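J.:
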Amino acid sequence: MAGTATQTIDRPARANLTGWLYVMPLAVVLVPFFVAPILVVLAASFFSTDGFGGLTPGFTLSNYAEILRSGLTLNLYLSTIKFTLLTLIFTLVIGFFVAYFLVFHVRNQLLAIGLFLLCTVPFWTSNIIRMISWIPLLGKEGLINDALLATGLIHQPLEVLLFSDLAVVIAYVHQLTIFMIVPIFNAMARIDKKLIEAAVDAGASRLDIMRLIVVPMAKNGIALGSIFVMSIVMGDFFVVKVMSGGGSASVVGAFYEDVGVLQYPTAAASAVLLTLILLALVSLILRTVDIRREITQ
Amino acid sequence: MSGATSDPRGGSIAGAQRAIAPRSGRPWTFYVLATLFALYVLALYGPMICIYILSFQDVRGGLVFPMKGHSLHWFVDLFTQVRTGDVKGSFDRSIKLAILVTILTVVISFLAGLGFRRRFAGDGVVFYMMIGSLVAPGLVLGLGTGLLFQALGIATSWYGSALGAQLSWTLPFGVLVMFAVMSRFDDAWEEAARDLGASRWQAIWLVIIPVLAPGLVAVALFGFTLSYDEFARSLQTAGSLNTLPLEIWSMTLNVTSPSLYALGTVTTIVSFIIIGASLGTIVMIQKRRGGHSPSSERSA
Amino acid sequence: MKIERGDIELAGVCKSFDGAANVVDGVNLRIADGAYCCFLGPSGCGKTTILRMIAGHEDPTAGEILIGGQNVVGLAPAARRTAMMFQSYALFPHLSVRENVAFALRVRGMSKAERLRAADAMLEKVRLTQFADRLPAQLSGGQQQRVALARAAITEPRVLLLDEPLSALDEQLRVQMRQELRRMQRELGITFIHVTHTQLEAIALADLVVVMEQGRIKQAGPAREVYAEPYDRYVAEFLGGQNVLSGRVEKVNGASFVLAPPAQGRIEVPLCARPSLSVGDRVDIAVRRDDVELIRPGRELPPGHASALPSRVLAIEYQGYFVKVMLDTVPDDHFVAYVPERVFFADPFNVGDMVLATWVADRARPLA
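Chains as they are written, first to last, in this note's numbering: chain A, 632 to 928; chain B, 1132 to 1431; chain C, 96 to 463.
This is the structure we're talking about:
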């Protein structure tokens, strides 16, 4: 009998077409509002300016030369990287143990979910407001200083609490720990309980279980959370600006300044540089986790 | 965010808990971790609560404690005084924009979620484009969009360029949530619908959308909130009229009275209403469904 | 009321997912209209793929599928007048039982009142009327299955396809639901195609048992034939109930030949099934487990028994109405005797005892 299944030849092509039809709206938004702007910034980094916001198309590497030669750039990156690392460490430690507590120590399922939601609620409120909400607490006349003075632990208000690097890190950690908690919580909740029971049977202590089972299996959640935290901190400008009182700088902060004075090409070059570095770091992390599988399961 | 109720591969996580936190008594680590958790929640909510309290500051009071009395003065100040900025207008615009963004995010994320179920040629391109849009610094994209519109001769506006810029931020989140939601969706439902004679669109409308309804509400929640609070990308794309976050930003730089705190309280109330409505809807839908889909049943 | 024929013919059906290996490898089969047909085989043998191809959820890479004489390859599932019952039942969680059953009618545009009435009528047939307003999550496994059945049957298909319908249920329920399926099939009078990996289920239900391995049909026939007269070693072992002995033909004398397995012992086996065998040929012999009798060494063989294999008892399992005795008759392979309970306990053996395994001579069969 002759084969009559001509439909099967078209099947893969049909599947491709269907897939594209479904994601077309997404692509239609992302191309003009993500791909194009990036390309524009890339192009602008090679242009020159008349100093008043006008861009003269051309091709010059002078913007990059300026950025790369400037000692300021190095300082900016060092400062940004410092904040990023500090934030990563604190959010990771706090996030990990909060998630661990919720998944493994809270017995009532409903309570665990309730507490989890409790942690996420602030995420849904304005992050600018949340940031400035530290000011009445950390200031010289703030609550914390008042409390410390009242208990006699210090005799003069601590100035370092506000408008300092400490304040910046506090604000970052406050805002971003949730980005660590959510993926790590997810990853931990998926651990097959039988593994843990088997480990207990084999005589493992709780520390062993954490070290040998929970941490490796939460690795993907940690990676995901790190990507979020890193990209937000490295791309931020207003937290640093406000909470350091102008004392510290960040790469995007300088970018913001440049844009403010209409120095578009140098701003663009700086942006491209930052994006490349960010991309490199994110790719490095992505090597350790199959992100597509992790997210879609 | 997937629920922690049960893990299809290994039953509930109660077993793991029993191993780590035995029923008889609590290990010392429980108390340490519980304290850490309590401190975390305190640190999370504490500052915000201070703001809420301070927004009721008396007329004579300043930006910090102590409270010199209570009054609603600063709320009134917020909505009436010109020098505190165009709060009503920007609030209005933010809500409208957020609603638009929400609708678009839900529709586009839903479709994309359906599309990514199976691999197709070039799906990696779209996937990484989405991740890139999530990771890229908002300010950079804002600049790029602003320059693009300038070059094209189109004016930036809160309902045009800002809409698109915000979508580039909300869509990756929406699609990520859809991924989590679709992983719980049994393809057999769609196949059963087709088997019974439903066309592709009937299957989507009558089966997929209703079953995924809670997930779609979650996407809507993300879309609304992310748009309502969006700042960096809107900064250069909103044009001459501010959205609320932009208004807050300029107030942060200029205003030195507790009316800023009053604004914080008001926006939080709006956020809480939205969250409450969304969660309430999800809980209601789940309750009516009576739990999980039929899987391995054991007795008659 | 059936209008069309539901007989099925598979002609040269092949399916490959990756272009390299064939999951279904040249299947030819005829299933009569109104028959209960079971596809039996281990996971990966292709049985579910064939089911899905008949349903229209997959297309064959080659070959034809005819239902009622009509080639259905390329037709959508609904256009084939077939209906499928999924392994997980796939009941729509957001619809009530009644709405689930009425779904097929809804997508065909039937009015609400009419389709709900039709659904109620169908629910009566499966005796679930009192659950009509419940949601699937509120039903037990057996009840969900009946809903799935009703939902599929309401479209008046000519063929109903069931993908491992009983594997999600526990033992007792499985046996109960088996009869429910059989009853429905008789009542509806349509062809049922039921995929399973449980041999007892297949032989209990089917008019036609199709045993598969790695994409090919090994044997297709009535249950009794497949169980009692397996075609080859694979079928014999998969269906269970048989011991298979390998060996070489030693002598061919008239009505029987003698066989010398790698183990010790010679057996006499009737020749009629394989007349073309000659001395030196390798052959497999099957003896039913319940045909094997165990006697103590030194006793006389009962009349009609020509062969006796000395064996040691390895293990004994009480199975209620029979006792399963495992012997070391064949090295590296199972040799099992099902001894009726009363017979066993009249003179029980212990593990380690030496016995003679013997049977009536013409109960042994050569295999292909």
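The beta carbon of each residue, even a glycine, is placed where N, CA and C say it ideally should be.
Fair warning: this is a prediction, and the values are worked out from it, not measured in the lab.
Any idea if B:Asp1360 is buried or exposed, counting beta-carbon neighbours within 10 angstroms, 16 or more meaning buried?
T.: buried
J.: Let me confirm a value: B:Ser1409 is counted as buried when at least 16 other C-beta atoms fall within 10 Å, else exposed. Which label applies?
T.: Counting every other CB atom within 10 Å of its CB across the protein chains shown gives B:Ser1409 a total of 16 or more, marking it as buried.
J.: Using 8 Å as the limit for Cβ to Cβ distance, is B:Trp1320 near chain C?
T.: yes
J.: Shortest alpha-carbon distance to B:Gly1395 belongs to which of B:Tyr1183, B:Trp1159, B:Ala1169 and B:Asp1208?
T.: B:Tyr1183
J.: For B:Leu1283, is the classification buried or exposed, using 16 other Cβ atoms within 10 angstroms of its Cβ as the cut-off for buried?
T.: exposed
J.: The region 239-261 of chain C: which residues have C-beta closer than 8 Å to a C-beta of chain B, in chain order?
T.: Gln239, Arg246, Ala247 and Thr250
J.: In chain B, which residues lie with their C-beta within 7 Å of the C-beta of A:Leu793?
T.: In chain order: nothing, as chain B lies at least about 11 Å away.
J.: Given that B:Leu1231 touches chain A, what residues does it touch there, using C-beta distances under 8 Å?
T.: Per Cβ cutoff of 8 Å: no residues; B:Leu1231 is ~13 Å from chain A at best.
J.: If distances are taken between C-alpha atoms only, which option among B:Asp1317, B:Ala1344, B:Leu1274 and B:Phe1161 comes closest to A:Leu893?
T.: B:Leu1274
J.: Whole angstroms is fine: what's the gap from C:Val455's alpha carbon to C:Ile362's?
T.: In a straight line, the C-alpha of C:Val455 is about 11 Å away from that of C:Ile362.
J.: Residues of chain B with CB closer than 8 Å to the CB of C:Arg203, please, in chain order.
T.: Gly1328
J.: I need the boundaries of the alpha helix (DSSP H) containing C:Phe417, first residue and last residue.
T.: No alpha helix (DSSP H) contains C:Phe417, which is instead part of the beta strand (DSSP E) from Phe417 to Leu422.
J.: For C:Asp379, does the three-state DSSP call read helix, strand or coil?
T.: strand
J.: Give the C-beta separation of A:Ser879 and A:Asp867 to the nearest angstrom, bearing in mind that I take them to be a contact with Cβ-Cβ under 8 Å.
T.: Not a contact, Cβ separation roughly 12 Å.
J.: Check distances from the C-beta atoms of the region 896-908 of chain A to those of chain B and list, in chain order, the residues that come in under 8 Å.
T.: Ala898, Ala899, Ala902, Leu905 and Thr906
J.: Does chain A have any CB closer than 8 Å to the CB of B:Trp1336?
T.: no
J.: Using a C-beta cutoff of 8 Å, does B:Pro1345 count as contacting chain C?
T.: no
J.: Alpha carbon to alpha carbon, what distance is there between C:Val168 and C:Arg210?
T.: 30 Å
J.: Go ahead and pull the three-state DSSP assignment for A:Thr718.
T.: helix
J.: Which chain C residues are close to B:Arg1420, counting only those with a beta carbon under 8 Å from its beta carbon?
T.: Those are Pro188, His189, Leu230 and Ala232, listed as they occur along chain C.
J.: What's the gap between the Cα of C:Gly107 and the Cα of C:Thr156?
T.: 10 Å
J.: So what's A:Val737 in DSSP terms, helix, strand or just coil?
T.: coil
J.: Quick check on the DSSP output: what are the complete alpha helix (DSSP H) runs of length 4 or more inside the region 164-211 of chain C, in order along the chain?
T.: Contiguous alpha helix (DSSP H) elements confined to the region 164-211 of chain C occur at 192-202, taking only those with 4 or more residues.
J.: I'd like to know if the region 850-870 of chain A and the region 795-805 of chain A are in contact, where contact means that at least 3 CB-CB pairs between them fall below 8 Å.
T.: A contact between stretches requires three or more CB pairs, one per stretch, nearer than 8 Å, and the region 850-870 of chain A meets this requirement with the region 795-805 of chain A.
J.: Could you tell me the boundaries of the alpha helix (DSSP H) in which A:Asn694 lies?
T.: Ser693 to Arg700
J.: Could one say the Cβ of C:His152 lies closer than 8 Å to chain B's Cβ atoms, at least one of them?
T.: yes
J.: Taking contact to mean at least 3 C-beta pairs separated by less than 8 Å, is the region 670-681 of chain A in contact with the region 895-911 of chain A?
T.: yes
J.: Roughly how many angstroms lie between the CA atoms of A:Val761 and A:Ala885, to the nearest whole one?
T.: In the sequence as presented, Val is not what sits at residue 761 of chain A; that position holds Arg. For A:Arg761 and A:Ala885, the distance between alpha carbons rounds to 23 Å.
J.: Give me the subset of the region 416-429 of chain C whose CB atoms are less than 9 Å from a CB atom of chain B, sorted by chain position.
T.: none
J.: Since I believe C:Gly237 is in contact with C:Leu218 (beta carbons under 8 Å), could you give me their beta-carbon distance rounded to a whole number of angstroms?
T.: That belief does not hold up - the Cβ atoms of C:Leu218 and C:Gly237 are roughly 15 Å apart, past 8 Å.
J.: Is it a yes or a no for the region 827-836 of chain A touching the region 739-756 of chain A, going by three-plus beta-carbon pairs under 8 Å?
T.: no
J.: If you draw a straight line from the C-alpha of A:Leu648 to the C-alpha of A:Ala798, how long is it?
T.: Near 52 Å, if we compare the C-alpha coordinates of A:Ala798 and A:Leu648.
J.: Does DSSP put B:Lys1418 in a helix, a strand or coil?
T.: helix
J.: Any residues in the region 1340-1366 of chain B with a beta carbon nearer than 9 Å to a beta carbon of chain C? Which ones, in chain order?
T.: Pro1341, Val1342 and Ala1344
J.: Locate the beta strand (DSSP E) running through B:Tyr1359, then write down its first and last residues.
T.: Per DSSP, B:Tyr1359 is not a residue of any beta strand (DSSP E); the alpha helix (DSSP H) it occupies stretches across Ile1340 to Asp1360.
J.: Just checking: is the beta-carbon of C:Pro172 within a distance shorter than 8 Å of some beta-carbon in chain B?
T.: yes
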